[in-house]
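Residue numbers (the working numbering): 438 to 1150.
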């Protein structure tokens, strides 16, 4: 080791021993010749070492008496910033330095500040200082110094703590970037379908070891690519980006996320110039440095608070404990700017969630006049019974399959969340006695209910149950043909769905399918996010459903062309709207690879009268033929008698079921039902037992071939 290297090593070793208290105040060093011998160095080198320590105030040389540890010892910290710190890249520099000075005073430490370190020459000047002025730790916010770290710190054993997550550093104190998913979720909870990200860090710079906000938004499909804007750190740039977004006329309310308060000033101006209201029409969510003069805006906004004082304290803690490595500090979301009750009033809630016996269910829409709605339903139910009595049964026509579920999403039914293989086998034997050889699982999970009915490795945040595994094992032993519903959500019923939400929806369908198709043997896939013709053309819904149908069916066929794909839209007859009906479904289904069109007859939910079934199903047949699809029927076995999930649906009268079968049988290849799991079972009480017995009596039992294979429980 060179003498220069030796002197630097000794400076830091002796300095650390003094500051740690190992060498106490007034400790007297041995004479230079004796100490040089014990440290294997020269008197000249030791003389330089003690000169540096004396300059720092750590030792005193008293002529004729020797060298002593000073009574007043101080730690020394160095901060290094580049010029970007002045224009926003480290926008809270002034506050960081202010808090840093205050903390140094409390600790009886001293600090040295380097600014505008942008060139290799600047780095060498800092190095020269560090060689002659030892310090305990360096706080780094200079890209250039980071780039030249090895040469600038050669021979210097000083901890370098990044105020950014620079590549090559083993220590840093930075703010977490994991706030973006929470920010997007908060805006969507408050009705924002469209969200823009206006950022100054569109891409990760070569010196950063963490992805930028915009890269994270793309990777996690949080925000559409077209709605991510890269801006220099100026209010005008934020203004221009916000105008571009707002000029696209996104559905209101919409959201804008800003990664810097400087940009936010321009964003607010753009919103106001468009004649819109901040936090009512456009919800603005901005990064804020707590304590900054830019922490307050002309109007209230949602704030992502970076607590600079917390970062300073974390720096000193990290300096004392280098083993902590990279420290990620939390970012808090201040929602005080939200208007009271805003989340509930921004957009009609299609699927409010309630719980019955600890299980989540979809509840009636808020504000619904249940008494008025039920009066209408009861009149339709009574009318359908009168019509059913006049309809002649069709000989040989029968229901040959049923939907099944882990638990129904909007009524109690017959939950199978904890059903064993034997439980499913018993259910399927009952189905066989009713001539049913096919089952369709409604969905493998429910997004809105936050439930997953198999052991997913992707949807781990959901409550998970072992349903599919047991169901498929039981189905194989009893030769039941199984169609699996995949990613269940209410996307098909939404009036508005942003591009980002649509992309996320598609990706989630893929993730779910890739997992469930490997669990057991299946005949095909059912698309669980259904919709209906609303009585008029709806280009947005048609386009959205076409994207969903094409993506889902293409995904299934690409994985296994032998799998069939089915859909089951709701039915409602609109007299005189037949042309619009055909145009709607042509637009929704065109180009898809759907094999089976299986409309709900919508009799049970009182959306159709029995005398409307023939003309409506004539249109369904026309639609299926035009798209080269098989036409099946989904006959509803229930009758609505209320809206509370505990008792809202009951088994229908077999007279009505027989009429439903007769109406669709001449047009369809197969008749399925919703659902025999509960409505045609003893679990539904006397009326359920009556319906089960009628189905068993009026349909020949489906044969089961014996299999030698065994299924392990």
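Ideal Cβ positions, reconstructed from N, Cα and C, are used throughout, including at glycine.
For residue i, the three-state DSSP class (helix, strand or coil)
{"i": "residue 940", "result": "helix"}
{"i": "residue 720", "result": "strand"}
{"i": "residue 467", "result": "coil"}
{"i": "residue 1068", "result": "strand"}
{"i": "residue 535", "result": "helix"}
{"i": "residue 1139", "result": "Note that residue 1139 has pLDDT 47, beneath the 50 cutoff, so the model's placement of it is unreliable and the number below is only indicative. Residue state, collapsed to three classes: coil."}
{"i": "residue 947", "result": "helix"}
{"i": "residue 1123", "result": "helix"}
{"i": "residue 1000", "result": "coil"}
{"i": "residue 914", "result": "helix"}
{"i": "residue 453", "result": "helix"}
{"i": "residue 783", "result": "Unreliable placement is indicated for residue 783, whose pLDDT of 45 sits below 50; no coordinate value is reported for it."}
{"i": "residue 842", "result": "coil"}
{"i": "residue 410", "result": "The displayed coordinates of the chain run from 438 to 1150. Any statement about residue 410 would go beyond what the structure contains."}
{"i": "residue 679", "result": "helix"}
{"i": "residue 1109", "result": "strand"}
{"i": "residue 615", "result": "coil"}
{"i": "residue 900", "result": "strand"}
{"i": "residue 1133", "result": "helix"}
Whole-number beta carbon distance between residue j and residue i, since they are thought to touch under 8 Å
{"i": "residue 902", "j": "residue 854", "result": "5 Å"}
{"i": "residue 1069", "j": "residue 1023", "result": "Incorrect: roughly 19 Å between the Cβ atoms, too far for contact."}
{"i": "residue 697", "j": "residue 682", "result": "With a Cβ gap of about 16 Å, residue 697 and residue 682 do not count as contacting."}
{"i": "residue 952", "j": "residue 895", "result": "6 Å"}
{"i": "residue 1007", "j": "residue 1037", "result": "5 Å"}
{"i": "residue 835", "j": "residue 872", "result": "5 Å"}
{"i": "residue 690", "j": "residue 627", "result": "7 Å"}
{"i": "residue 1074", "j": "residue 1111", "result": "7 Å"}
{"i": "residue 547", "j": "residue 456", "result": "In fact, because the Cβ distance is near 12 Å, the residues do not count as touching under 8 Å."}
{"i": "residue 964", "j": "residue 989", "result": "5 Å"}
{"i": "residue 551", "j": "residue 598", "result": "Their Cβ separation, rounded to whole angstroms, is 15 Å, which puts residue 551 and residue 598 out of contact at 8 Å."}
{"i": "residue 798", "j": "residue 1086", "result": "The Cβ separation is near 12 Å, so there is no contact."}
8 Å Cβ cutoff met for residue i and residue j
{"i": "residue 585", "j": "residue 568", "result": "no"}
{"i": "residue 850", "j": "residue 881", "result": "no"}
{"i": "residue 1001", "j": "residue 1028", "result": "no"}
{"i": "residue 764", "j": "residue 515", "result": "no"}
{"i": "residue 828", "j": "residue 1099", "result": "yes"}
{"i": "residue 616", "j": "residue 738", "result": "no"}
{"i": "residue 917", "j": "residue 874", "result": "yes"}
{"i": "residue 815", "j": "residue 842", "result": "no"}
{"i": "residue 1043", "j": "residue 1077", "result": "yes"}
{"i": "residue 489", "j": "residue 596", "result": "no"}
{"i": "residue 672", "j": "residue 637", "result": "no"}
{"i": "residue 555", "j": "residue 520", "result": "yes"}
{"i": "residue 759", "j": "residue 608", "result": "yes"}
{"i": "residue 442", "j": "residue 592", "result": "yes"}
{"i": "residue 487", "j": "residue 497", "result": "no"}
{"i": "residue 719", "j": "residue 694", "result": "no"}
{"i": "residue 707", "j": "residue 751", "result": "no"}
{"i": "residue 1109", "j": "residue 723", "result": "no"}
{"i": "residue 651", "j": "residue 624", "result": "no"}
{"i": "residue 992", "j": "residue 955", "result": "no"}
{"i": "residue 1102", "j": "residue 831", "result": "yes"}
{"i": "residue 1005", "j": "residue 967", "result": "yes"}
{"i": "residue 661", "j": "residue 936", "result": "yes"}
{"i": "residue 1089", "j": "residue 1125", "result": "no"}
{"i": "residue 573", "j": "residue 756", "result": "yes"}
{"i": "residue 416", "j": "residue 1047", "result": "Residue 416 lies beyond the residue range present for the chain, which begins at 438 and ends at 1150; the question has no answer from this structure."}
{"i": "residue 1010", "j": "residue 971", "result": "no"}
Beta-bridge partners of residue i, as assigned by DSSP
{"i": "residue 743", "result": "726"}
{"i": "residue 866", "result": "BP columns for residue 866 are empty, so no partner."}
{"i": "residue 771", "result": "740"}
{"i": "residue 792", "result": "797"}
{"i": "residue 1088", "result": "1075"}
{"i": "residue 883", "result": "888 and 925"}
{"i": "residue 599", "result": "577 and 609"}
{"i": "residue 963", "result": "922 and 1003"}
{"i": "residue 1117", "result": "Looking at the DSSP assignment, residue 1117 forms no beta bridge with any residue, so it has no partner."}
{"i": "residue 1239", "result": "Outside the shown range of the chain (438 to 1150) lies residue 1239, about which nothing can therefore be said."}
{"i": "residue 876", "result": "839 and 919"}
{"i": "residue 632", "result": "692"}
Residue i Cβ short of 7 Å to the ligand HEM heavy atom set
{"i": "residue 772", "result": "In the structure shown, the ligand HEM is absent, as is every other ligand, since no ligand is present at all."}
Every unbroken alpha helix (DSSP H) within the region 542-584, with a cutoff of 4 residues, ordered by chain | 557-569 and 580-584
Complete beta strand (DSSP E) runs within the region 484-518 (minimum length 3 residues, chain order) | 496-499, 503-506 and 513-518
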